[in-house]
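Below is one structure, written out as structure tokens, with a few remarks after it.
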Amino acid sequence: MPKQQANWSPYDNNGGSCVAVAGADYCVIAADTRMSTGYIILTRDYSKICKLADKCVMASSGFQADVKALQKHLAARHLIYQHQHSKQMSCPAMAQLLSNTLYYKRFFPYYSFNVLGGLDNEGKGCVFTYDAVGSYEKVGYSSQGSGSTLIMPFLDNQLKSPSPLLLPVQDAVTPLAEAEAVDLVKTVFASASERDIYTGDKLEIVVINADGIRREYMDLRKD
Amino acid sequence: MFRNQYDTDVTTWSPAGRLFQVEYAMEAVKQGSAAIGLRSKTHIVLGCVNKANSELSSHQKKIFKVDDHIGVAIAGLTADGRVLSRYMRNECINYSFTYESPLPVGRLVVQLADKAQVCTQRSWKRPYGVGLLVAGLDESGAHLYYNCPSGNYFEYQAFAIGSRSQAAKTYLERRFKNFSDSSRDNLVKDALMAIRETLQGETLKSSICTVAVVGVGEPFHILDQETVQQMIDAFEIVGEQEGPAAEPDAAAAAAAGQEAAAADQGGSTEEGVAPMDI
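Protein sequences appear in the order of chains A and B.
Counting the first sequence from 1 gives a position; the working numbering is that position plus 3.
Counting the second sequence from 1 gives a position; the working numbering is that position plus 42.
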């Protein structure tokens, strides 16, 4: 009897795109709000963005059930951290925790493609980008999800800095002002919505800076 | 008379039907520095006296946040208290994770009590040597519970545990009937006055006490030193004598000349104060 293939998968892809851009004293995290399965739209109004700590926000695309479970898990771990250390987790600390949490399920992964954005201990913007099993890297900007193949090259064109391997080491964060970065993100999603069928409906933008966290919305194409 | 023969193991009964090891554990609570709690319909205040081993050392932490809606003050073996606080925190986190809603206080204290009972029925364990005042807010209102090393728990309008707690209890017994409708600030003032009773003449300063509040719209938090000192200064100016005279914001008028008149009958609280001894 030939080897049997599974006729059922524990995973599904709910589509959507996420982007994060780090600045000198701010960080922009954005994701569309469309949740789909196959060619069907499940809802036009689902947030992929989750605040993990005071200065740390995560956006995840992929299988939203796994994303939800991952968010809850990290929130619980953050509570424990706060009880033990009487303070909030920093963004780099949360970044490591997320990586460890993902790798913990190396052999039944969270189907979740994450970007983590926030301010580090000095108030500078930072973005961390992940694969599904926890491999991560601190970068100046990143995108994940169904539209990332369309979005990433454009961000590279606008924001790319010389390789960190080149000396002298240059900052990965963009010299753009906050308003310009937000504008760039809006442009990028408007473009992605044109060609990626899984991206659209509405764009949710979260901006973290020294004053706190602020949220903004923009309409995208609904087709 | 026969105490020494039957007090070696927690699993040995005395002829009179007592478990001496459990009673000894309750003694440990009495040795710890005082902790008090009082509640109104909407707020609960916990307070404790900070005892430091020497001038050189810091004082032990006796009030712990368990969740946004629950906090605990301990008296006795603080190490046992720390461990139980960690257990309570875990239970709250797990419940929140599963049910996406805060753990009801009544459930938590039952779990805590059951955990304490286990230690009274295992030959290889010892009872926890700590009394816990659990303050929490849930859908059914504001609650203050006291958990014993024996595994018993009781709900209170106000209570005090630890050394010299009787003085605080006497103060609270005089005033408890007003607590239900008391304002948050008056409740804190009453807590500070109760703490002062346990100090037996020593001056009340914010450096030797800790106060925490939880209430409707107010997650559990420990008040910082300046706020506490301000409140101490506010009421000490008013009443050097033990009586509460007029208070600056007499709105709730919880104070107004209650000494002689009120609750002198009924030395026990409504909830049925169970004696510390079994």
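We put the CB at the ideal spot given by N, CA and C, even for glycine.
Under the three-pair Cβ rule at 8 Å, the stretch 121-129 of chain A does not count as touching the stretch 64-81 of chain A. If one requires a minimum length of 4 residues, the alpha helix (DSSP H) runs lying completely within the stretch 134-170 of chain A are 151-162, in chain order.
With three or more CB-CB distances shorter than 8 Å, the stretch 165-180 of chain B counts as touching the stretch 64-79 of chain B.
Setting aside the 5 residues that flank it on each side, K83/B is surrounded in the same chain by G183, A184, S222 and D223, each with a C-beta closer than 8 Å to its C-beta; the list follows chain order.
Short of 7 Å from the beta carbon of S39/A, and not among the five residues preceding or following it, lie these beta carbons of its own chain, in chain order: N17, G18, L45 and Y201. Rounded to the nearest whole angstrom, the CA to CA distance from K219/B to D49/B is 40 Å. Chain B has a Cβ within less than 8 Å of the Cβ of I83/A.
Runs of beta strand (DSSP E) with 3 or more residues, each lying fully within the stretch 25-58 of chain A, are found at 29-35, 38-40, 43-46 and 52-56, listed in chain order.
Excluding residues up to 5 positions away in sequence, Y114, S115 and F116 lie with their Cβ nearer than 6 Å to the Cβ of G65/A in the same chain.
Around M273/B, the same chain offers V230, K231 and L234 as residues with beta carbons nearer than 7 Å, after the five sequence neighbours per side are excluded. Within its own chain, the residues whose Cβ lies closer than 8 Å to the Cβ of A158/B, once the five positions on either side in sequence are excluded, are P169, Y170, N189, C190, P191, S192 and G193, listed in chain order.
For A184/A, the enclosing alpha helix (DSSP H) begins and ends at E181 to R198. Only exposed fits S50/A, as fewer than 16 other CB atoms lie within 10 angstroms of its CB.
At a cut-off of 8 Å, the C-beta of A79/A has a neighbouring C-beta in chain B. For V253/B, the uninterrupted beta strand (DSSP E) run begins and ends at C251 to G257, by DSSP. Contact check for L126/B and L154/B: beta-carbon distance about 7 Å, within the 8 Å limit, so the pair qualifies. Chain A has no Cβ within less than 8 Å of the Cβ of F201/B. Using beta-carbon distances, F262/B does not count as an interface residue toward chain A, since no partner is under 8 Å. Put simply, the backbone Cα of P57/B is about 55 Å away from that of Y107/A. Comparing alpha carbon positions, the residue from D186/A, V136/A and S194/A closest to M155/A is S194/A.
DSSP places F221/B in no alpha helix (DSSP H); its state is neither H nor E. If you draw a straight line from the Cα of Y198/B to the Cα of A177/B, it is about 10 Å long. At a cut-off of 8 Å, the C-beta of R226/B has no neighbouring C-beta in chain A. Of the residues assessed, N228/B falls on the buried side of the cut-off, its CB having 16 or more other CB atoms within 10 angstroms. Residues of chain A with a Cβ closer than 9 Å to the Cβ of F139/B are, in chain order, K75, H76, A78 and A79.
In this structure, the straight-line span from the alpha carbon of H263/B to that of H85/B is close to 12 Å. In this structure C21/A touches G148/A by the C-beta definition: roughly 5 Å separates them, less than 8 Å. Annotation for K231/B: no beta strand (DSSP E) segment contains it, though the alpha helix (DSSP H) segment containing it runs R226 to T240.
Under the 10 Å beta carbon count, A94/B is surrounded by fewer than 16 other beta carbons and is classified as exposed. In the three-state reduction of the DSSP assignment, C134/B falls in the helix class, which pools H, G and I. Using a Cβ-Cβ cut-off of 8 Å, I112/B does not count as an interface residue toward chain A, since no Cβ of chain A sits closer than that to its own. Contact between A175/A and S164/A holds, with the beta-carbon distance rounding to 6 Å and staying under 8 Å.
If you look at S115/A, you'll find it isn't in any alpha helix (DSSP H); it sits in the beta strand (DSSP E) that goes S115 to L122. As a beta-bridge residue in DSSP terms, L179/B pairs with A184/B. Contact between L223/A and V191/A is ruled out by a C-beta separation of about 11 Å, above the 8 Å threshold. For I250/B, not one C-beta of chain A is nearer than 8 Å to its own C-beta.
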